[in-house]
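Residue numbers (full-length UniProt numbering), protein chains in the order written: chain A, 1 to 184; chain B, 1 to 74; chain C, 1 to 260. Below you'll find the structure, written out as structure tokens, and then a few comments.
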Amino acid sequence: MATETTASTASACVGPNGSAIGMPQLCGDWVWNQVFWLVLALVAIYFVLTRVALPRIAAILAERQGTITSDLAKAEELKAQAEEAEKAYEKALADARVEAGKIAEQTRAEIRAQVDEAQAKADADIAAKTAESEKQIQEIRASALANVEAVAKDTAEALVAALGVSADKVTVDAAVDKRIEGQR
Amino acid sequence: MEGEIAHIGAGLAGLGCGLAALGVGNVAANYLSGALRNPSAAASQTATLFIGIAFAEALGIFSFLVALLLMFAV
Amino acid sequence: MAENTAGAHGAEAAQGEGGGLVFHPMDQFIVKPLFGDGAVHMFTVTNVTLWMALAVLCVIGLMVLGTSGRGIVPGRLQSVAELAYGFVYKMVEDVSGKDGVKYFPYIMTLFLFIVFANFLGLLPMAFTTTSHFAVTVVLALAVFLGVTILGFVKHGTRFLELFWVSSAPMVLRPVLAIIEVISYLIRPVSHSVRLAGNLMAGHAVIKVFAGFAAIAAVSPVSVLAITAMYGLEVLVAFIQAYIFTILTCVYLKDALHPHH
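Laid out in structure tokens, this is it:
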């Protein structure tokens, strides 16, 4: 490394051919030069570090820590919100289910009421019609019986007259009545 | 003649470097055996390990320095 | 340090060239002026200047330009910058305690400078600034003096309780106090020599192996060894920066909480 140095190097520690005499570390001629430049270098590094580098790195680290903390807090908050939303959804679902059940029940009751009413009306109609029909049947039967009696009396009178027996109408009628009475 | 004796002395002083190596190896070996017994405490003791190595090594460096002084400065 | 070594070098120079190696492994550590040849004075622009300036530029590139996006989701460079920030910040907080965080910028400065100087030194033809004792001693002395002054300012004379081991028996305490004081005073030495020694040793060993590569019979082994050493040096470059930083944190903790 030092081989290119010329022989004129003015130091007691370097030989005429440029190689070191003894230990270069112990050469007194160079000490103050090294001390001077070392102190300069250390002061330079110290000022660069304290003025610029260290505050900046500390700020970066603090900012990162802050970001991480706030991100965690935000995530926590979002999680809480999500849980809340889920709870609300569940509640809404349950409410809707209850409501739906209620509505269905109500509708069913309404329909049943309508059906009952309609049935009652129909029953009443049918009963009324039945009663009327029975009355008519009764009437018809009564009138039919009356006709039967009249026809029987007329027939009996005609028979009696045909047989040549004169019998008065009253007797014949009584006899017919008696027979009919007996028939019944 | 005097210079040759100084060189012999330098060689003898050089033995100190090897002995310091034994010391450093001893520190590291004991640290390792302790660390394997209780690995959870090992990480907190690396600084102590290096300080111990530094102290053991310093004495070897002293003998190295003595050797150099005998070689070049006496 | 400067005075006594200068004398030693004069003796060495008189003796002539040291060693008969064709390939000088220590030549890579020579400080030389970038422009022209001349003596290296205090304000001369040298290769030290160049590589320290590159380290500063790399710090700016990573920590300022890399984070200029200010992204919430970081890009590659920003991730690295944030990683470095978090790594050192956590180290300071764990080792020095909560009240040590106030001194985080100083420790970050040391860490970034050492890391980039170490890694830039691994480039081929590079000059490794942190392999020089002059550099690491300044770094370690800055930590040592700063921490000691801080301890006395914070706790007054009660800072001396650091050396008075109250858990030890009364008889042993003065002895322990002496040992503690010595080990306290030797801190800057080991702190600086460790860093410079590790880097210098690794780089010199690589150069020595490179010298062996000239011999045809062993050159494949030598190339493999260089590769392996380079891998180790990449590891060492980071580990040494880490160790320097964490020891600074430990010393800072001692200053802030001197009681055992």
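Positions of the beta carbon are idealized from the N, C-alpha and C atoms, including for glycine.
Residues bridged to residue i (per DSSP)
i                      : result
Val14 of chain A       : A:Ala20
residue 310 of chain C : Residue 310 of chain C lies beyond the residue range present for chain C, which begins at 1 and ends at 260; the question has no answer from this structure.
Beta-carbon separation (whole angstroms), residue i vs residue j, contact threshold 8 Å
i                 : j                 : result
Val193 of chain C : Phe62 of chain B  : 7 Å
Pro258 of chain C : Gly156 of chain C : The Cβ separation is near 11 Å, so there is no contact.
Ala214 of chain C : Met26 of chain C  : 17 Å between Cβ atoms; not a contact.
Val31 of chain A  : Met63 of chain C  : Their Cβ separation, rounded to whole angstroms, is 29 Å, which puts Val31 of chain A and Met63 of chain C out of contact at 8 Å.
Val172 of chain A : Ala156 of chain A : 5 Å
Leu54 of chain A  : Glu82 of chain C  : 11 Å between Cβ atoms; not a contact.
Three-way DSSP call (helix, strand, coil) for residue i in this model
i                      : result
Ala167 of chain A      : coil
Asn38 of chain B       : coil
residue 263 of chain C : Nothing in the structure corresponds to residue 263 of chain C, since chain C is present only between 1 and 260.
Thr67 of chain A       : helix
Gly64 of chain B       : Here residue 64 of chain B turns out to be Phe, not Gly, going by the sequence shown. Note: Phe64 of chain B maps to helix in three-state DSSP.
Met229 of chain C      : helix
His41 of chain C       : coil
Val125 of chain C      : The question names Val, but residue 125 of chain C in the sequence shown is Met. Three-state DSSP puts Met125 of chain C in coil, outside helix and strand.
Thr148 of chain C      : helix
Leu49 of chain B       : helix
Ser166 of chain C      : coil
Thr67 of chain C       : coil
Ile111 of chain A      : helix
His132 of chain C      : coil
Val98 of chain A       : helix
Leu21 of chain C       : For Leu21 of chain C, the predicted structure reports a pLDDT of 47, less than 50, and the residue's modelled location is therefore unreliable. The matter cannot be settled from this model.
Gly16 of chain B       : helix
Ile215 of chain C      : coil
His257 of chain C      : coil
Ile114 of chain C      : helix
Ile186 of chain C      : coil
Val43 of chain A       : helix
Cys58 of chain C       : helix
Cys27 of chain A       : coil
Leu172 of chain C      : coil
Gly97 of chain C       : coil
Lys178 of chain A      : helix
Val73 of chain C       : coil
residue 277 of chain C : What the structure shows of chain C is the stretch from 1 to 260, and residue 277 of chain C is not part of that stretch, so it cannot be assessed.
CB of residue i within 8 Å of CB of residue j, strictly
i                      : j                 : result
Asp94 of chain C       : Ala47 of chain B  : yes
Ser131 of chain C      : Ala196 of chain C : yes
Ile107 of chain C      : Thr248 of chain C : yes
Gly60 of chain B       : Ala21 of chain B  : yes
Thr67 of chain A       : Ile72 of chain C  : yes
Gln78 of chain C       : Gly66 of chain C  : yes
Ala35 of chain B       : Ala28 of chain B  : no
Tyr89 of chain C       : Leu252 of chain C : no
residue 265 of chain C : Gly211 of chain C : No answer is possible for residue 265 of chain C: it lies beyond the span of chain C, which begins at 1 and ends at 260.
Phe72 of chain B       : Ile243 of chain C : no
Ala55 of chain C       : Phe116 of chain C : yes
Asn17 of chain A       : His41 of chain C  : no
Leu38 of chain A       : Val45 of chain C  : no
Trp51 of chain C       : Thr109 of chain C : no
Val48 of chain C       : Phe111 of chain C : no
Gly100 of chain C      : Leu256 of chain C : yes
Leu141 of chain C      : Pro74 of chain C  : no
Ala20 of chain A       : His24 of chain C  : yes
Asn118 of chain C      : Ala217 of chain C : no
Leu70 of chain B       : Gly9 of chain B   : yes
Ala58 of chain B       : Gly14 of chain B  : no
Pro105 of chain C      : Tyr89 of chain A  : no
Ile30 of chain C       : Val14 of chain A  : yes
Arg70 of chain C       : Arg64 of chain A  : no
Leu122 of chain C      : Cys58 of chain C  : no
Ser190 of chain C      : Phe209 of chain C : no
Phe133 of chain C      : Gln25 of chain A  : yes
Contacts of residue i in chain F (Cβ-Cβ under 8 Å)
i                 : result
Leu247 of chain C : The displayed structure is made up of protein chains A, B and C, and chain F is not among them.
Do the stretch 174-187 of chain C and the stretch 157-164 of chain C touch if we need at least three Cβ pairs shorter than 8 Å?
Per the Cβ contact rule, the stretch 174-187 of chain C is in contact with the stretch 157-164 of chain C (3 or more Cβ pairs under 8 Å).
Three-pair Cβ contact test at 8 Å for the stretch 225-241 of chain C versus the stretch 198-214 of chain C:
Result yes; three or more Cβ-Cβ pairs closer than 8 Å.
Closer than 8 Å is the cut-off here; do at least three beta carbon pairs connect the stretch 138-152 of chain A with the stretch 173-180 of chain A?
Output reads yes: the stretch 173-180 of chain A touches the stretch 138-152 of chain A.
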